[in-house]
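Each residue of the sequence shown is one higher than the one before, counting from 1 in the working numbering. For glycine and all other residues, C-beta sits at the position ideal for the given N, C-alpha and C.
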Amino acid sequence: MHKRTLGANGPQVSVLGLGAMGMSDLYGPADDAESVATLHAAIDAGITLIDTGDFYGSGHNELLIRDALRQRNRDDVVISVKFGSRRTPDGAFQPAPVETDPVAVKDRLAYTLRRLGTDHVDIYRPSRLNPDVPIEDTVGAIAEMVQAGYVRHIGLSEVGAETLRRAAAVHPISDLQIEYSLLVRGVEQAILPAARELGTGITAYGVLARGLLSGHWTPERALSGNDFRGMVPRFQGDNLTANLALVEALRKVADTIGASVAQVAIAWVASRGADIVPLVGARNRVRLQESLAAADLVLSDHDLAAIEAAVPAGAAAGERYPAAQMALLDSER
Ligand SMILES: NC(=O)c1ccc[n+]([C@@H]2O[C@H](COP(=O)([O-])OP(=O)(O)OC[C@H]3O[C@@H](n4cnc5c(N)ncnc54)[C@H](OP(=O)(O)O)[C@@H]3O)[C@@H](O)[C@H]2O)c1
């Protein structure tokens, strides 16, 4: 699989990364054995970037990655870890703010290293901005961990251009992780130009809009009680109907290209620049195989025009997060 470099000084990674969140959390039941098999299949296919968060399944996701890496070479993989979000034992997210003060940075990193069974995290990043903790303090504390050898690179998640600039003034930021798909293009306005100016790459999440843009979503799909998508406006009622109509328009284009809807959606994100690495959220080997083919799918100018005519910028109905969570996104200010 071909490679891309995250930021001016960041690590080289495969053109597609694997996000492991859904293997522990938020998208309904998952199967640990299948999750490990999927991680193995991804690594064997050349995926070198694995994204997790210490709060995904309250540590379960990191333990799963440790289990998978026992049978692979840890140094073949770039592990990206988010921290800061807080949970309760029943899995609920605690109210904001996230925990990103310098003491928490070091404390949470210590637990993460133990759970992952490694002596360093390749990219460490706060999951959200805590408006009460200056970003300089959070990045400064991670920079100390870089100096000490526990972290290789510093990333950010869902922050806006101004926060990115302030952070990059303290330490180079390898990549900003942010939602980016045919349905979510806000990053293109101010954030992507700032990232390019600062030499920061983008790891794009939700490239399939959490499954909505995969070509496999149906209105009949039952969501279990802890499935986050049950709370997302974009998946509800008339919004869902309108969004699935966009997917059907995209399916017609995908058919002419000879690829699946998911492959076209992933390849479109990859086509936005060599500094962008799509994270795919495959939770099983079947979905993984489908998404891997997107790594080799080159879209012509004609294809890109047809894709963007089928799903024009701003066409999505409904917000990408529930209102309370939208309000916490520095990237949306
Ligand atoms: N920084 C942040 O704030 C943030 C937020 C969310 C996620 N992330 C990271 O980004 C990663 C990816 O996000 P995401 O899971 O929302 O992304 P996604 O790839 O947009 O959505 C994944 C969902 O799409 C479905 N799907 C259908 N066809 C697929 C295919 N061919 N390949 C992959 N998935 C397919 C899967 O559903 P089924 O398995 O049910 O079929 C899965 O639940 C996460 O794992 C996490 O590491 C970061």
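Classification of residue i by the beta-carbon crowding that lies within 10 angstroms, buried from 16 upward
{"i": "Pro322", "result": "exposed"}
{"i": "Val81", "result": "buried"}
{"i": "Pro29", "result": "exposed"}
{"i": "Gln263", "result": "buried"}
{"i": "Glu179", "result": "buried"}
{"i": "Gly149", "result": "exposed"}
{"i": "Tyr56", "result": "buried"}
{"i": "Asn73", "result": "exposed"}
{"i": "Glu248", "result": "exposed"}
{"i": "Met23", "result": "buried"}
{"i": "His302", "result": "exposed"}
{"i": "Thr203", "result": "buried"}
{"i": "Thr241", "result": "exposed"}
{"i": "Glu158", "result": "buried"}
{"i": "Asp76", "result": "exposed"}
{"i": "Ala282", "result": "buried"}
Ligand 1 heavy atom lying under 6 angstroms from the CB of residue i
{"i": "Ala327", "result": "no"}
{"i": "Ser224", "result": "no"}
{"i": "Gln147", "result": "no"}
{"i": "Glu158", "result": "yes"}
{"i": "Asp54", "result": "no"}
{"i": "Glu290", "result": "yes"}
{"i": "Asp76", "result": "no"}
{"i": "Met1", "result": "no"}
{"i": "Ala282", "result": "yes"}
{"i": "Val341", "result": "With the chain covering only 1 through 333, there is no way to say anything about residue 341."}
{"i": "His216", "result": "yes"}
{"i": "Tyr205", "result": "yes"}
{"i": "Asp340", "result": "With the chain running from 1 to 333 in the structure shown, residue 340 is simply not present."}
{"i": "Leu208", "result": "yes"}
{"i": "Asp51", "result": "yes"}
{"i": "Leu63", "result": "no"}
CB contact flag (residue i, residue j, <7 angstroms)
{"i": "Gly160", "j": "Asp330", "result": "yes"}
{"i": "Gly84", "j": "Pro131", "result": "no"}
{"i": "Asn243", "j": "Arg234", "result": "yes"}
{"i": "Val121", "j": "Ile79", "result": "yes"}
{"i": "Leu250", "j": "Val311", "result": "yes"}
{"i": "Glu34", "j": "Asn284", "result": "yes"}
{"i": "Ala141", "j": "Val105", "result": "yes"}
{"i": "Val261", "j": "Ala267", "result": "no"}
{"i": "Leu63", "j": "Arg114", "result": "no"}
{"i": "Asn61", "j": "Ala110", "result": "no"}
Proximal residues to residue i (C-beta, below 8 angstroms), its chain only, five neighbours per side dropped
{"i": "Ser174", "result": "Leu6, Gly7, Asn9, Gly10, Pro11, Ile123, His153, Ile154, Gly155, Thr200 and Gly201"}
Close beta carbons around residue i, own chain, < 6 angstroms, minus the five adjacent residues each side
{"i": "Asp90", "result": "none"}
{"i": "Leu198", "result": "Ala168"}
{"i": "Gly318", "result": "Pro233, Arg234 and Asn239"}
Same chain, Cβ closer than 7 angstroms to residue i, neighbours up to 5 away in sequence not counted
{"i": "Val15", "result": "Met1, His2, Lys3, Arg4, Ala270, Val277 and Ala295"}
{"i": "Ala42", "result": "Leu18 and Leu288"}
{"i": "Ile257", "result": "Val264 and Asp303"}
{"i": "Arg166", "result": "Ile135 and Glu136"}
{"i": "Asp119", "result": "Leu113"}
Supposed contact pair residue j and residue i - C-beta distance, whole angstroms, cut 8 angstroms
{"i": "Val280", "j": "Val207", "result": "7 angstroms"}
{"i": "Asp101", "j": "Asp44", "result": "Not quite, the Cβ-Cβ distance comes to about 40 angstroms (not below 8 angstroms), so this is no contact."}
{"i": "Val13", "j": "Leu49", "result": "4 angstroms"}
{"i": "Val184", "j": "Ala316", "result": "7 angstroms"}
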